[in-house]
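Following: one structure in C-alpha cells, then a few remarks.
4 protein chains.
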Amino acid sequence: MASSNNEATARGGRRRSNGAGSSRRAQLLSIAAEMFATRGYSQTTVRDIADEAGILSGSLYHHFDSKEAMLTEILRDFMGNLLSEIRDIAEAGQTPREALDGLIYNSFETIHKVPFAVALYQNESALLATTPEFAFVHKASLDVEKVWLGVLKQGQAEEDFRADLDPGITYRFIRDAIWSTVRWYNPRGRLQHRTVADQYLEMLHGGLLA
Amino acid sequence: MASSNNEATARGGRRRSNGAGSSRRAQLLSIAAEMFATRGYSQTTVRDIADEAGILSGSLYHHFDSKEAMLTEILRDFMGNLLSEIRDIAEAGQTPREALDGLIYNSFETIHKVPFAVALYQNESALLATTPEFAFVHKASLDVEKVWLGVLKQGQAEEDFRADLDPGITYRFIRDAIWSTVRWYNPRGRLQHRTVADQYLEMLHGGLLA
Amino acid sequence: MASSNNEATARGGRRRSNGAGSSRRAQLLSIAAEMFATRGYSQTTVRDIADEAGILSGSLYHHFDSKEAMLTEILRDFMGNLLSEIRDIAEAGQTPREALDGLIYNSFETIHKVPFAVALYQNESALLATTPEFAFVHKASLDVEKVWLGVLKQGQAEEDFRADLDPGITYRFIRDAIWSTVRWYNPRGRLQHRTVADQYLEMLHGGLLA
Amino acid sequence: MASSNNEATARGGRRRSNGAGSSRRAQLLSIAAEMFATRGYSQTTVRDIADEAGILSGSLYHHFDSKEAMLTEILRDFMGNLLSEIRDIAEAGQTPREALDGLIYNSFETIHKVPFAVALYQNESALLATTPEFAFVHKASLDVEKVWLGVLKQGQAEEDFRADLDPGITYRFIRDAIWSTVRWYNPRGRLQHRTVADQYLEMLHGGLLA
DNA sequence: CATGAATGAGCATTCATTCAT
DNA sequence: TATGAATGAATGCTCATTCAT
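Chains as they are written, first to last, in the working numbering: chain A, 2 to 211; chain H, 2 to 211; chain Y, 2 to 211; chain D, 2 to 211.
Printed below as a string of C-alpha cells:
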C-alpha cells in the first residue's frame with residue numbers, strides 16, 4: 002500500500018537512474034516537507050529550504066513557482082495517493098470489519114511512511130481552510146470521508162458494527178485519534194506502526210471496560 | 002469548572018468590579034486568542050489584533066511586552082485552569098470509571114467554553130515544542146498526563162478497565178480523539194457538547210463491534 | 002492657473018503651518034515624482050526614494066500602500082488639476098482663438114510648474130497603457146482631448162481656424178509638440194516659459210513659410 | 002530610404018543569402034525591439050525575449066553579450082540608418098523648402114517602417130540620457146539636429162522660411178510633433194503615413210489661422 | 001492610554017548572467 | 001547552438017517593536 006508516497010525513499014538518494022530532473026524536484030520537495038512539518042509552513046523560509054539543499058534561495062525558483070507551489074505539490078501528491086489507496090482497500094470485497102481494519106492499518110502505515118505530509122495535513126489546517134488555493138485538500142478529505150462512511154454504514158447494516166453510534170461522529174473520533182498519532186509516533190523508534198495499530202484496534206473493537 | 006477561563010465572558014464587556022485596566026487586558030487577550038486560533042499565531046499580526054481592538058498596533062505595547070507575551074499569558078491561563086480542574090476531578094474520590102468519565106466530560110466542556118485556547122494548544126504544537134519560552138506548556142501537559150494515567154492505571158488495578166491495553170498509548174488515543182474535536186465542534190451549533198461526550202463515552206466503553 | 006499643483010513648492014519646505022501629516026506625504030510624493038520622472042518609474046527603487054527622504058525604505062509604507070500607490074497619487078493629482086484648469090479656460094467665454102491660446106499658455110505653464118508630473122505622463126506611457134490601475138489616466142486624457150477638440154471645432158465653425166485641417170490630427174500635433182518640450186525645457190534656465198509659448202504660437206498661427 | 006532598417010522584414014523569416022547566424026541575430030533583435038518598445042526596456046526580461054523566440058533565456062547569451070548589448074545594437078542600427086538617410090536628403094541639392102519637406106516625409110516613413118526603434122528612442126530617454134554606454138545616441142541626435150538646422154537656417158537666409166522664428170526652438174517643435182506620432186500612428190491602420198505627413202506639412206507651411 | 005512616525009531585520013521573489021553538458 | 005541548473009544581488013514589501021509627543 003501507499004507504494005508511491007516517496008517521502009522516506011527520496012532522501013535516501015538511492016535512485017539516480019531515473020530522470021535526473023524529476024529526482025531533484027522530489028529531493029527538494031522532501032526537504033521542504035520535513036521543514037514545513039517540523040517548523041510550520043510559515044515559519045519555514047525559502048532560505049531555510051535552500052540552505053538545507055545546499056543551493057541559494059533564488060535557485061529554488063528554477064524548480065518551483067513559489068513556496069506555496071511546493072506545499073501544493075506535496076499535499077496534492079499526498080492526498081492523491083491516500084485516496085487511491087483507501088479506495089483500493091474499500092473495494093477489495095471483504096467484510097466491513099475487514100475493510101475498516103484495513104483502512105486503519107493503512108492509516109498507521111501512511112503515518113509511518115510519510116509522517117511529514119501527514120503532519121502538514123494535521124498542523125496547517127488554518128492555512129488549508131483559509132487559502133482558496135488549497136480547496137482541493139478539503140475536497141479530497143471529503144472523498145476520503147465518503148469511503149470511510151460507506152464502510153461504517155455498511156458495517157452497521159450488516160450488523161458488524163453497533164447501530165446506536167452516529168457514523169459521522171464515530172468516523173471523526175477514529176480519524177482524529179489515528180492521524181493525531183503523527184505527533185508522537187516516531188518512525189525510527191522501537192514502537193512498530195503495526196503494534197500501535199493493533200493497540201488501537203483492540204480498544205476500538207471491544208472498548209475500554211473490562 | 003474552568004471558572005476563570007475568560008474566553009466566553011471577556012468579550013461580553015460586562016466589566017465587573019475588578020480594575021478597568023485588567024478588563025482591558027482580558028479583552029485584548031480574548032481578541033488575540035481568537036485570531037491566533039483561527040489564523041494561526043504567526044499569521045496573526047500585531048496590527049490585526051490592534052485593528053480588531055480599535056487601537057494602533059504600537060498601543061498594544063502598553064498592555065503587553067510582546068506578541069509572544071500575549072500567547073504565553075493565554076496558554077498559562079489555560080493550562081493552569083485545566084490542570085486545577087482535572088485534579089479536582091481526580092481527587093473527588095469516585096471510582097476510576099466515574100473519574101475517567103468526569104475527565105472526559107470536563108474536556109468536552111473545556112472545548113465548549115474556551116475553544117480558541119484549546120485550538121491554540123492543538124495547532125501550535127510546532128511552535129510550542131520548539132521555543133524554549135513555552136516549555137511550561139509541555140510541563141503542564143506532563144502533569145495532566147500524570148493525572149489521567151493515574152486514573153487509568155487505578156482502573157486497571159481495580160479491574161474497571163481492561164488490563165491488556167497499554168495505559169500510555171490508551172491515554173494518547175483518548176486525549177487526541179477528544180481534543181481534536183475542537184476542529185469541527187461548533188460551540189454555537191446544534192450539537193451539544195454533552196451529546197458529543199456521550200457519543201464518545203459510548204464508543205469508548207463498549208467498543209465499536211456489535 | 003494650476004494653483005494647486007504643488008511640485009515646485011512642496012520641496013521648498015516653506016510650509017510648516019498646515020497639517021503636519023499631509024505635509025510629509027506631499028514631501029515624499031514630491032521626492033518620488035522627481036525620481037520617477039528622471040530615472041523612470043521602474044528604475045526608481047523604493048529604497049532610492051527613502052534614502053532621498055532620509056528614512057528607511059520600510060518606513061515609506063507607513064505613508065503609502067505601495068510604490069504604485071505613490072505613482073497613482075501623483076498622476077491623479079496632476080490629471081485632476083490639469084482637467085479643471087483647462088475646463089476653466091475653455092469656459093471663460095472668449096473667442097476660440099483666445100481659448101486655444103489660453104490652453105497653450107496653460108500647458109507651457111504646467112510644464113514650468115510641475116515638470117516631473119508632466120514628464121511622468123510623457124515617459125511612462127507603456128506602463129500607463131498596460132496596467133489597469135492606471136486606466137483613469139487614459140480616461141482623463143480623453144476628457145482633456147474633448148475640451149481641446151471642442152475649441153478647435155468651434156474655431157473652424159467660426160472661421161477662426163482653417164477648415165481643411167483634420168481637428169483630431171491637428172490636436173495631436175499641437176499636444177505632442179507642447180508636452181514634449183518637457184524633455185528639454187529647463188524651469189530654472191534663462192528661457193521663460195512664456196517666451197517658449199510665444200514662439201510656438203507664432204509658428205502655429207502663421208506657419209513656417211515666409 | 003532606410004533600406005537596412007530590418008524591423009519589418011526580419012520577422013518574415015525569408016532568410017536570404019546571408020549567413021544563417023546573422024539571420025537568427027536579426028530575428029532575435031526584432032523580437033527584442035518590439036518588446037522593448039511596447040513594454041519598456043526594463044520591464045522586458047531576457048526571459049520574455051527568449052520565450053518569444055522559443056529558446057531558454059541562457060541561450061540568448063550565445064548571440065549577444067548582454068541585454069544592454071541588444072538595445073545598443075538596435076539603436077546603433079537605427080541611428081546610423083537615420084543619419085545616412087537625412088544626409089542624403091539634405092545633400093540632394095534642392096531648395097531648402099524641398100529639403101525640409103523631404104526630411105519630414107522621411108521621418109514619417111521611418112515611423113512607418115521601424116516603429117519599434119522609433120518608440121524606443123522616444124520612450125527610453127531617461128535611460129539613454131543616464132547610461133554612459135548610450136552616449137552615442139545623443140551624439141547621433143546632435144548630428145541629426147545639425148542637418149535639420151542647416152536646412153532651416155539656409156531657408157531663412159534664402160527667405161523661404163520666416164526669419165522671426167528661432168531655428169533651434171522651431172526644430173525641436175517640428176521634431177517632437179513628428180516623432181511623437183509613433184505613439185498613436187498605426188502602421189497597419191487605414192491612415193497612410195503620407196497622409197499624416199501631408200496634414201502636418203499643411204499646418205506647418207501655412208499655420209492654423211484662416 | 002493612545003498616536004504616528006520610524007526602525008531594522010527579514011521575507012518571498014525576480015532577474016541578468018554564467019557555465020558544465 | 002541550446003539546455004538546465006545555479007548564482008548573487010537586488011527589489012517591493014512586512015512586521016514586531018520603539019519612542020517622542
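Just so it is clear, CB atoms sit at the ideal spot from N, CA and C, and this is done for glycine as well.
Just so you know, these numbers come straight off a predicted model, no measurement behind them.
Outcome for residue i when other beta-carbon atoms lying within 10 angstroms are tallied against a minimum of 16
i: W149 of chain A; result: buried
i: W180 of chain Y; result: buried
i: Q123 of chain Y; result: buried
i: Q193 of chain A; result: exposed
i: D161 of chain Y; result: buried
i: R189 of chain A; result: exposed
i: G94 of chain Y; result: exposed
i: D165 of chain Y; result: exposed
i: R191 of chain A; result: exposed
i: L153 of chain Y; result: buried
i: L57 of chain A; result: exposed
i: T171 of chain A; result: buried
Rounded C-alpha distance that separates residue i from residue j
i: R173 of chain D; j: F65 of chain D; result: 35 Å
i: I112 of chain Y; j: V183 of chain Y; result: 6 Å
i: S60 of chain D; j: A51 of chain D; result: 8 Å
i: E69 of chain A; j: S126 of chain H; result: 21 Å
i: T131 of chain H; j: V138 of chain H; result: 11 Å
i: E159 of chain Y; j: I90 of chain Y; result: 18 Å
i: E92 of chain A; j: L101 of chain A; result: 11 Å
i: Y186 of chain Y; j: V119 of chain Y; result: 12 Å
i: L128 of chain Y; j: T39 of chain D; result: 9 Å
i: M36 of chain A; j: K114 of chain A; result: 16 Å
i: E86 of chain A; j: S142 of chain H; result: 35 Å
i: F79 of chain A; j: T196 of chain A; result: 24 Å
i: G169 of chain Y; j: Y201 of chain D; result: 12 Å
i: D49 of chain D; j: H63 of chain A; result: 15 Å
i: R26 of chain H; j: I32 of chain H; result: 10 Å
i: A211 of chain A; j: M204 of chain A; result: 11 Å
i: S43 of chain D; j: Q44 of chain Y; result: 7 Å
i: K140 of chain A; j: L104 of chain H; result: 35 Å
i: A34 of chain A; j: N107 of chain A; result: 21 Å
i: V145 of chain Y; j: A54 of chain A; result: 58 Å
i: K147 of chain D; j: I175 of chain Y; result: 24 Å
i: T46 of chain A; j: L76 of chain A; result: 18 Å
i: L83 of chain A; j: S67 of chain Y; result: 43 Å
i: Q28 of chain A; j: M71 of chain A; result: 12 Å
i: G151 of chain A; j: G81 of chain H; result: 42 Å
8 Å contact criterion, which residue i and residue j should meet: CB distance rounded
i: P97 of chain H; j: G156 of chain H; result: 3 Å
i: G41 of chain H; j: H206 of chain A; result: Incorrect: roughly 37 Å between the Cβ atoms, too far for contact.
i: A198 of chain Y; j: F109 of chain Y; result: 4 Å
i: E74 of chain A; j: L30 of chain A; result: 6 Å
i: A178 of chain A; j: D177 of chain H; result: 5 Å
Can you list, in chain order, the stretches of the alpha helix (DSSP H) that have 4 or more residues and sit fully within the region 41-119 of chain A? Counting only runs of 4 or more, we get 47-54, 68-91 and 97-114.
For the region 149-163 of chain Y, list every residue whose C-beta sits within 7 Å of some C-beta in chain D, in sequence order. Result list: E160, D161, F162 and R163.
Any residues in the region 71-93 of chain A with a beta carbon nearer than 8 Å to a beta carbon of chain H? Which ones, in chain order? Going along the region 71-93 of chain A in chain order, one finds no residue with a Cβ nearer than 8 Å to chain H.
Interface positions of the region 190-207 of chain D facing chain Y (Cβ-Cβ less than 8 Å), listed along the chain: Within the region 190-207 of chain D, contact with chain Y at the beta-carbon level (separation under 8 Å) is assigned to V197, Q200, Y201, E203, M204, L205, H206 and G207.
Give, in chain order, every residue of the region 30-45 of chain D whose Cβ lies closer than 7 Å to some Cβ of chain Y. Listed by position along the chain: T39, R40, G41, S43 and Q44.
May I ask you to list, following chain order, the residues of the region 163-188 of chain A that have a beta carbon less than 9 Å from some beta carbon of chain H? So the list reads R163, A164, D165, L166, D167, I170, T171, R173, F174, I175, R176, D177, A178, I179, W180, S181, T182, R184 and W185, given in the order they occur along the chain.
Where in the region 130-195 of chain D do unbroken runs of the alpha helix (DSSP H), each at least 4 residues long, occur, reported from the N-terminal end onward? Under the rule that a run must span 4 or more residues, the alpha helix (DSSP H) segments found entirely inside the region 130-195 of chain D read 136-158 and 168-181.
Chain H contacts from the region 104-129 of chain A (Cβ-Cβ distance under 7 Å): Taking 7 Å as the Cβ-Cβ cut-off, the region 104-129 of chain A approaches chain H at N124, S126, A127 and L128, given in chain order.
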